[in-house]
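Below is one structure; the comments refer to it alone.
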Amino acid sequence: MITRFIESLGSSVFEIISYLGEISFIILGSIRHIFSQALRRKKIIFEQMEKIGIDSFPLVGIIAAFTGMVMVMETAVTLKKFGGESFVGGIVSVSMVRELGPIIVALIVAGRVGASVAAEIGSMKITEQIDALEVLGVNPLSYLVTPRLL
0 MITRFIESLG
10 SSVFEIISYL
20 GEISFIILGS
30 IRHIFSQALR
40 RKKIIFEQME
50 KIGIDSFPLV
60 GIIAAFTGMV
70 MVMETAVTLK
80 KFGGESFVGG
90 IVSVSMVREL
100 GPIIVALIVA
110 GRVGASVAAE
120 IGSMKITEQI
130 DALEVLGVNP
140 LSYLVTPRLL
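Residues in the sequence shown are numbered from 0 upward in steps of one, following numbering that gives the first Met the number 0.
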């Protein structure tokens, strides 16, 4: 009984350490490729910048507009009780620009880009495109991961 417990505990610890080692290997390899080979792949890097940044604008704009509308409605109802309807625009604009806007943009872009990259690399792994890159002598870290980190 105690032997099984210790064995399962050791197995769990080994799996966690192994997983952390794999993640560390990917991160350190990607950082190394950023400084050594990133300039060779400018086209891929700019494609990823466009995909991550510019293509996110419509979604961010729509969600920000609806968030602003909700903020206006909630602020107007609250300020109407105190006779401060004329301050709604200023309060909402300051709160959106200083506080809520950057957080909403970060969450939307992180969610959209994270899902997109995970789906793209997962699809490439299932269809064995990553193995094909390795057979061709292309390092998958420098070709797939590094441009997305930059």
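Note that beta-carbon positions come from the ideal geometry of N, C-alpha and C, so glycine has one too.
Buried or exposed for residue i, please, with buried defined as at least 16 other CB atoms from any protein chain shown within 10 angstroms of its CB.
| i | result |
| --- | --- |
| VAL87 | buried |
| THR126 | exposed |
| THR2 | exposed |
| PRO101 | exposed |
Inspect the beta-carbon positions of residue i and residue j and report whether they are closer than 7 Å.
| i | j | result |
| --- | --- | --- |
| VAL116 | ARG147 | yes |
| THR66 | ILE90 | no |
| SER29 | VAL112 | no |
| VAL108 | SER35 | no |
| VAL59 | VAL104 | yes |
Let me make sure I understand the geometry here. Which of the options has the alpha-carbon closest to that of residue i?
| i | options | result |
| --- | --- | --- |
| SER92 | ALA63, SER35, LYS79 | ALA63 |
| GLU119 | GLY52, GLN47, PHE24 | GLN47 |
| MET68 | ILE51, LYS50, SER94, GLY52 | SER94 |
| LEU106 | ILE16, TYR18, ILE51 | ILE51 |
For the ligand COA, any of its heavy atoms closer than 6 Å to the Cβ of residue i?
| i | result |
| --- | --- |
| GLU133 | In the structure shown, the ligand COA is absent, as is every other ligand, since no ligand is present at all. |
In chain order, what residues of the same chain lie with their CB nearer than 6 Å to the CB of residue i, ignoring the 5 residues before and after it?
| i | result |
| --- | --- |
| PHE154 | Here the chain covers residues 0 to 149 and nothing more, so residue 154 does not appear. |
| ILE44 | PRO146, LEU149 |
What residues in its chain sit with their C-beta under 7 Å from that of residue i, if we drop five residues either side in the sequence?
| i | result |
| --- | --- |
| LEU84 | Reading off the sequence shown, one finds Glu at residue 84, where the question assumed Leu. Same-chain partners within the cutoff: ALA75, LEU78. |
| VAL71 | VAL87, VAL91 |
Going by beta carbon distance, what residues of the same chain come within less than 8 Å of residue i, once the five residues before and after it are set aside?
| i | result |
| --- | --- |
| PRO139 | ILE129, LEU132, GLU133 |
| VAL137 | none |
With a cut-off of 7 Å, does the C-beta of residue i fall near any C-beta of chain C?
| i | result |
| --- | --- |
| GLU84 | Of the protein chains in the structure, only one exists, and it is not chain C. |
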